[in-house]
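One structure is given below, encoded as structure tokens.
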Amino acid sequence: MSLTHRWTGFTDAELIGQLRLDCYGSGLVDRPKFMASVTDDPRAQDGDFLLVEQGARPVGTAMSLRLTGYVRGAKLPVQGVAYVGASRTERRKATTGGASVATTVMKLTIEKARERGDVLSALMPFRASYYEHFGYGIVERRSEWTLPVGLLPVVATDGIKLCEAHDVPALVEAKGAIARAGQCDFERPEGEWRRLLTRAEAGFTVVDREGAHARGWATFMTEPDASGVRAARVTDWGARTNADFVRLLAFFGTLKDQYARVHIVCPADWQVSRLLKESQVPHRPVPHPTASWQTHTRMQVRVMDHHKLLEAIRWPEEVKGTAEVCVHECEGRESRFIVQVKGGAASVRAGGTGKDFTTKDSHWAAVAMGDVSAAEAVRLGLAASESGSFAVLGGLMEGPKAYSLEYF
């Protein structure tokens with residue numbers, strides 16, 4: 233039987249919740265959680281929920297959030313893809329149209345991004361290799377640090393207090409400033425802040441206030457770590473500056489009578505150990521306290537509009553030159569364009585041979601977002617260059633690395 237689809241809203245909340253349970257629930261006991269998940273996210277709007285049906289039976293779903301993201305100072309419309317699923321009984325089966333349910337869901341979701349004019353489509357994958365088939369490349373690397381509290385810096389922590397409802401407007405403003413200064417981060421509306429703070433009541437949220445403004449915040453939970461001692465796990469945090477981040481670390485240092493360690497996730501390029509009283513991350517067993525870390529990847533992105541992205545972002549003033557680029561899109565077509573950069577901006581026009589830089593869409597996403605340099609992509613065999621002339625693309629590596637505080 234062939235598949236049909238519709239983009240729907242909260243009138244179908246019960247149907248969507250039941251389908252989410254069927255796609256990824258652990259058992260029927262999870263039903264209340266998945267029913268609540270449909271209406272729980274204040275970022276979702278009517279028309280954001282995809283239902284793929286076989287006859288009258290729902291078999292696939294996804295959610296397409298309308299987000300505002302920032303890439304190198306450019307404010308861009310971004311599609312946030314979440315809750316992608318196919319019914320347990322319908323996976324890896326060809327339908328009348330030839331495509332599986334899951335493939336149909338992803339193709340329709342990408343079409344929705346194009347219809348809305350989204351410049352990027354972003355998701356947090358369960359299995360990255362699957363989404364690479366649809367043009368999504370890994371762009372975000374994160375490091376989870378385990379920090380003994382005795383090594384945390386000692387600075388003044390005046391202004392850090394437990395978060396209250398009247399702090400939300402300041403948090404909205406602070407998060408917006410962090411997103412604008414970052415790479416691949418998103419605005420967090422007030423409704424989402426209130427939802428997260430309600431969820432965080434299982435632990436504590438502190439805010440670092442300076443008059444009417446918030447310098448940063450941290451939400452943390454108490455948990456026993458592998459050795460059985462109490463640790464503080466930071467589940468959400470933000471800081472406007474490095475000094476503000478140090479203040480948050482110092483706050484956790486004042487809790488050394490309660491916690492032995494702090495677990496916190498940071499951008500992979502942050503050398504947090506250099507901020508501690510002991511900067512060593514040892515290569516062999518040592519008798520003194522030291523920090524440790526583990527790196528993992530998270531967000532994947534697909535570039536939906538190469539021209540709009542490259543012309544919107546800020547380029548380094550010193551970068552000048554031209555590159556002919558060819559991106560092999562997963563649909564089987566090629567995107568060929570010529571990038572000319574000067575004066576901190578780029579102009580992009582269709583055409584060219586792709587002689588300077590040729591790659592596939594998932595690898596191009598990592599290059600465009602600055603996670604992999606064009607030169608490294610060529611060295612690793614992820615891209616090819618007939619001319620060897622792609623230095624201008626090195627400008628995409630300037631600035632902070634991709635890192636988002638958001639989840640979807």
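First residue of the sequence shown? That's 233 in the working numbering, and the numbers climb one at a time after it. No residue lacks a Cβ here, since even glycine has one placed at the ideal position from N, Cα and C.
Beta-carbon contacts of residue i that lie in its chain and below 6 Å, excluding the five residues immediately before and after
i	result
Asp399	Val439
Ala450	Val438, Val466, Trp469, Leu480
Val270	Ala245, Ile248, Gly249
Glu285	Thr236
Gly584	Glu556, Arg568, Ile570
Ala582	Phe569
Arg412	Tyr302
Same chain, Cβ closer than 7 Å to residue i, neighbours up to 5 away in sequence not counted
i	result
Arg304	Gln415, Ile545, Arg546, Gly631
Tyr315	Arg252, Thr293, Ala294, Met295
Ala641	Only positions 233 to 640 of the chain appear in this structure, which leaves residue 641 out of reach.
Leu429	Cys395, Thr437
Met536	Ala345, Arg346, Asp350, Val351, Leu352, Ser353
Leu507	Pro385, Val478, Leu481
Lys587	Glu556, Glu618, Ser619
Ala578	Leu542, Glu543, Trp547, Val571, Gln572
Arg611	none
Glu455	Ala463, Arg465
Gln277	Arg298
Test item: CB-CB of residue i and residue j under 7 Å
i	j	result
Ser619	Asp417	no
Arg534	Tyr368	yes
Leu384	Leu487	no
Leu542	Val571	yes
Arg530	Arg374	yes
Ser353	Ala345	yes
Asp489	Arg447	no
Thr389	Phe452	no
Cys562	Asp603	no
Gly257	Phe266	yes
Thr240	Phe281	yes
Val291	Val337	no
Gly391	Arg441	yes
His404	Glu422	As written in the sequence, residue 404 is Val, which differs from the His given in the question. Going by C-beta atoms, Val404 is nearer than 7 Å to Glu422.
Arg238	Leu283	yes
Phe589	Ala606	yes
Val371	Met601	yes
His528	Val580	no
Glu549	Gly576	yes
8 Å CB neighbourhood of residue i in its chain, flanking five on each side removed
i	result
Ala663	Here the chain has residues from 233 to 640 only, and residue 663 is not among them.
Arg320	Asp254, Cys255
Lys407	Glu419, Arg420, Trp425, Gly470, Leu637
Arg263	Gly249, Gln250, Leu253, Gly257
Ser511	Ser505
Expected contact under 8 Å - CB spacing of residue i and residue j to nearest Å
i	j	result
Val573	Gly626	Not really, about 10 Å apart at Cβ, beyond 8 Å.
Pro357	Gln532	5 Å
Asp272	Arg427	7 Å
Phe640	Gly435	That belief does not hold up - the Cβ atoms of Phe640 and Gly435 are roughly 21 Å apart, past 8 Å.
Lys633	Ala500	7 Å
Leu355	Tyr362	Contact doesn't hold; Cβ gap of about 11 Å is too wide.
Minimum Cβ-Cβ distance from residue i to chain C less than 7 Å
i	result
Asp278	This model lacks chain C altogether, as it is built from one protein chain only.
ask   = Any chance the stretch 491 to 511 sits against the stretch 454 to 469, with 3 or more Cβ pairs inside 8 Å?
value = yes
query = Three or more C-beta pairs closer than 8 Å, one from the stretch 512 to 529 and one from the stretch 375 to 382: is that the case here?
reply = yes
task = Would you list, in sequence order, the uninterrupted alpha helix (DSSP H) runs of no fewer than 4 residues that lie entirely inside the stretch 508 to 554?
result = 538 to 544
task = Assess, as a yes-or-no matter, whether the stretch 605 to 625 is touched by the stretch 499 to 517 under the definition of 3 or more beta carbon pairs within less than 8 Å.
result = no
message = Please give me, in chain order, every unbroken run of the beta strand (DSSP E) with length at least 3 that falls completely inside the stretch 297 to 338.
response = 306 to 318
ask   = Which runs of the alpha helix (DSSP H) fall wholly inside the stretch 259 to 302 and span at least 4 residues, in chain order?
value = 263 to 272
ask   = Taking only runs of the beta strand (DSSP E) that begin and end inside the stretch 557 to 631, which ones reach a length of at least 3 residues, in chain order?
value = 566 to 574, 577 to 582, 589 to 592
inquiry  = If we require 4 or more residues per run, which alpha helix (DSSP H) segments fall completely within the stretch 352 to 393?
reply    = 360 to 364
key: beta strand (DSSP E) runs contained entirely in the stretch 387 to 427, provided each spans 3 or more residues   = 392 to 394
Sequence ranges, alpha helix (DSSP H) only - wholly within the stretch 429 to 515, length at least 4 = 474 to 485
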